[in-house]
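Every number in the numbering used here is 2 more than the matching position in the sequence shown, counting from 1.
Using N, Cα and C, we set each Cβ at its ideal position, and we do this for glycine too.
Note that the structure is predicted; figures quoted are calculated from it, not measured.
Written below as structure tokens is the structure these notes are about.
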Amino acid sequence: MALTLARPAMAHMASFVAALREGYSRDTLRTETPESIAAIADDPAWFLRQTLDPPTTVVLPDGALGQRVPETVLWGVEGDEFLGSVHFRHHLNAVLEQWGGHIGYAVRPSAQGHGLASAMLAGMLDHVRAHHSELDRVMLTVNLKNPASARVIEKNGGVVRDVVPHPWVPGDEGRRYWIDLK
Ligand SMILES: CC(C)(COP(=O)(O)OP(=O)(O)OC[C@H]1O[C@@H](n2cnc3c(N)ncnc32)[C@H](O)[C@@H]1OP(=O)(O)O)[C@@H](O)C(=O)NCCC(=O)NCCS
């Protein structure tokens, strides 16, 4: 697959909705519902506005309201087809320092296993190097139950920082990684 990283656009929305229906989720901890998918399918322009200019708050996995840090969202696409997304949060806050880190990504189920997450992370690291020279390194987190994602991080130079309890999933643990940018 010939992957390009692009800003989310209306041209990708039909494929994005198809990805949601196929089981793609915007959040690893919260799966989509028929209602959440219908809201996006019914008003893709609203969804795009929210994605490109998000609110300043975020509902955390425990339902509490947190401060959203500025972020850059890029979609992995092939033509108009949506394949996955990669998010870069411009700085850490107390919540992201514990879990979440600077960069997160997800690939739609039908496109997994073809190196796309590795390519999207590599592309986003290039973007951060080019546009955020204030950062010497970025942090990423991964659940120990997600070895594919750990591999994606390690293939991109990730070095284990430590193992921490998962703040949102009782009993789970995760690794925090650093990736040097310099
Ligand atoms: C995790 C995820 C992003 C991987 O996407 P992907 O495009 O399939 O990943 P890639 O193909 O780039 O690379 C996966 C790597 O993990 C390896 N892998 C896959 N399953 C594995 C497993 N069970 N154990 C160890 N390694 C595994 C693959 O072999 C590949 O490594 P390789 O290139 O050396 O062969 C994708 O499964 C996904 O979107 N999951 C849901 C969201 C998610 O978990 N996001 C990450 C949160 S930290």
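Grab the span of the alpha helix (DSSP H) containing residue i for me, first residue to last.
i    : result
D138 : From DSSP, D138 is part of no alpha helix (DSSP H); its letter is neither H nor E.
W1   : The requested residue 1 is not part of the displayed model; the chain covers only 3 to 184.
L2   : Residue 2 is absent from the model: the chain starts at 3 and stops at 184.
When the Cα of residue i is compared with those of the options, which residue comes out closest?
i    : options                   : result
L94  : S87, L7 and T143          : T143
R28  : V88, R177 and K184        : V88
L146 : Y179, A121, H116 and G117 : Y179
H116 : G102, G86, L183 and A21   : G86
L76  : A124, T30 and A40         : A124
E80  : D182, I155, R163 and A13  : A13
D164 : H134, A21, M141 and N148  : M141
G25  : W48, Q114 and H129        : Q114
A43  : V19, L62, N148 and E34    : V19
A132 : E156, A40 and K184        : K184
D82  : P169, R9 and P172         : R9
L127 : A150, S17 and H92         : H92
Quick one: Cα of residue i to Cα of residue j, how far?
i    : j    : result
R23  : E175 : 29 Å
A4   : R32  : 29 Å
R70  : T59  : 5 Å
F84  : M15  : 8 Å
L98  : H104 : 7 Å
P57  : L67  : 12 Å
R153 : E73  : 24 Å
G78  : P167 : 30 Å
R193 : A11  : A question about residue 193 goes unanswered here, because the residues of the chain that appear run from 3 up to 184.
T53  : P46  : 10 Å
Q100 : S112 : 31 Å
E156 : A96  : 24 Å
G102 : V161 : 16 Å
W48  : T35  : 18 Å
From what residue to what residue does the beta strand (DSSP E) around residue i run?
i    : result
L67  : L67 to Q69
R153 : Counting along the chain, R153 falls outside any beta strand (DSSP E), though it belongs to the alpha helix (DSSP H) covering P149 to K157.
R178 : E175 to D182
L76  : E73 to E80
L7   : T6 to A8
T59  : T59 to V61
Does any CB atom of chain B fall closer than 8 Å to the CB of residue i?
i   : result
L85 : The chain inventory of the structure shown lacks chain B, comprising one protein chain alone.
Review point. Can you give, in chain order, each stretch of the alpha helix (DSSP H) that sits fully within the region 18-43 and has at least 4 residues?
Key: If we require 4 residues or more, the region 18-43 turns out to have no alpha helix (DSSP H) run fully inside it.
Check your understanding: Where in the region 91-127 do unbroken runs of the alpha helix (DSSP H), each at least 4 residues long, occur, reported from the N-terminal end onward?
Key -> With a minimum length of 4 residues, the continuous alpha helix (DSSP H) runs that stay inside the region 91-127 are 96-100.
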